[in-house]
Amino acid sequence: MEVNSRELTEIELENVHWWSLERRLPVEGVERYFRTDKDRRERFIKVRWPDGPVCIKCGSGNLGIVETRAVFQCKECRHQFSPTAGSILHRSRVDLAGWFRAAEMIIREGDAGFSEYSRRYRVSSQTLADRLGIEYVAAHRLRKILLADMGRGGAGLMSEVICIVTSETPAGIVPDSLAHFDWLFAERSPPSFDEDILRTLMG
């Protein structure tokens with residue numbers, strides 16, 4: 003097999019995955035794009051239920067909203083549930099803003115402190131705890147859940163929630179090929195985020 007057509011290593015495939023997500027993040031940063039709790043909640047609901055929210059208990063789409071608590075109430079079984087109930091965010095004490103920000107940090111800052119080709123360890127739990135102002139245990143759980151969800155083979159709920167830009171691979175480049183890796187690497191150098199976004203992420 004020729005060098006320029008060899009199969010990618012696992013680490014290179016990891017890079018292709020994360021770099022592809024990075025290209026789909028809002029240019030102005032997630033915090034600027036989703037400015038309010040309402041913006042974040044509506045985006046989460048839209049991605050979780052593309053055809054409209056349904057009861058997590060009985061599956062009915064006949065729902066009302068309890069405005070004072072910002073929860074849905076099923077008109078069939080009367081069950082009340084929040085937009086995050088039953089999802090990877092279920093019963094989390096970290097608010098949506100924290101989840102959005104953590105997901106962006108994991109995607110954007112995976113190379114920090116490691117070689118150019120290794121993103122396997124990504125942002126540390128301690129870094130998340132410090133920047134989000136939460137306990138280490140909560141940050142560790144948050145990180146573990148997000149890496150499983152947004153990584154290769156994961157459900158991709160939170161990456162789909164915050165990655166709103168349409169990014170197309172140039173014609174002639176086969177996804178997950180060496181050419182794809184080389185193109186993504188060239189496109190992301192220098193880093194795609196500006197100093198204001200970096201300052202926001204650093205807290």
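Residue numbers (our numbering): 3 to 205. Think of the CB as a built atom: it goes at the ideal place given N, C-alpha and C, for glycine as much as any other residue.
Rounded to a whole number of angstroms, what is the C-alpha to C-alpha distance between residue i and residue j?
{"i": "GLY115", "j": "ARG124", "result": "Only weak support is given to the placement of GLY115: the predicted model assigns it a pLDDT of 33, under 50, and the value that follows is read from those uncertain coordinates. In a straight line, the C-alpha of GLY115 is about 9 Å away from that of ARG124."}
{"i": "SER117", "j": "ARG25", "result": "Residue confidence is low: SER117 scores 48 on pLDDT, short of 50, so the model does not pin down where it sits. No coordinate-derived value is stated."}
{"i": "ILE90", "j": "GLY61", "result": "18 Å"}
{"i": "GLY155", "j": "GLU16", "result": "11 Å"}
{"i": "VAL167", "j": "PRO28", "result": "6 Å"}
{"i": "ARG133", "j": "SER94", "result": "17 Å"}
{"i": "ALA188", "j": "ARG34", "result": "26 Å"}
{"i": "ASP97", "j": "ARG42", "result": "10 Å"}
{"i": "ILE175", "j": "CYS76", "result": "47 Å"}
{"i": "ARG110", "j": "ARG190", "result": "10 Å"}
{"i": "VAL56", "j": "PHE83", "result": "10 Å"}
{"i": "TYR119", "j": "ARG8", "result": "Low confidence applies to TYR119: its pLDDT is 46, below 50, so where it sits in the model is not reliable, and the reading given next is rough at best. Looking at the two C-alpha atoms, the distance is approximately 17 Å."}
{"i": "THR149", "j": "GLY100", "result": "In the sequence as displayed, the identity of residue 149 is Leu instead of Thr. Going from the Cα of LEU149 to the Cα of GLY100 covers about 15 Å."}
{"i": "HIS81", "j": "HIS92", "result": "16 Å"}
In the DSSP assignment, find the alpha helix (DSSP H) that holds residue i and state where it starts and stops.
{"i": "GLU162", "result": "159-164"}
{"i": "ASP151", "result": "138-152"}
{"i": "VAL18", "result": "12-25"}
{"i": "THR129", "result": "127-134"}
{"i": "ASP184", "result": "180-189"}
Is the beta carbon of residue j closer than 8 Å to that of residue i?
{"i": "ALA141", "j": "SER127", "result": "yes"}
{"i": "ILE147", "j": "PHE102", "result": "no"}
{"i": "GLU44", "j": "ASN64", "result": "no"}
{"i": "SER179", "j": "SER22", "result": "no"}
{"i": "LEU130", "j": "MET107", "result": "yes"}
{"i": "GLY88", "j": "ILE47", "result": "no"}
{"i": "PHE183", "j": "VAL18", "result": "yes"}
{"i": "VAL49", "j": "GLU137", "result": "no"}
{"i": "PRO177", "j": "TRP185", "result": "no"}
(message) Going residue by residue through the segment 33-117, where are the continuous alpha helix (DSSP H) segments of at least 4 residues, counting only ones entirely within it?
(response) 39-50, 98-110
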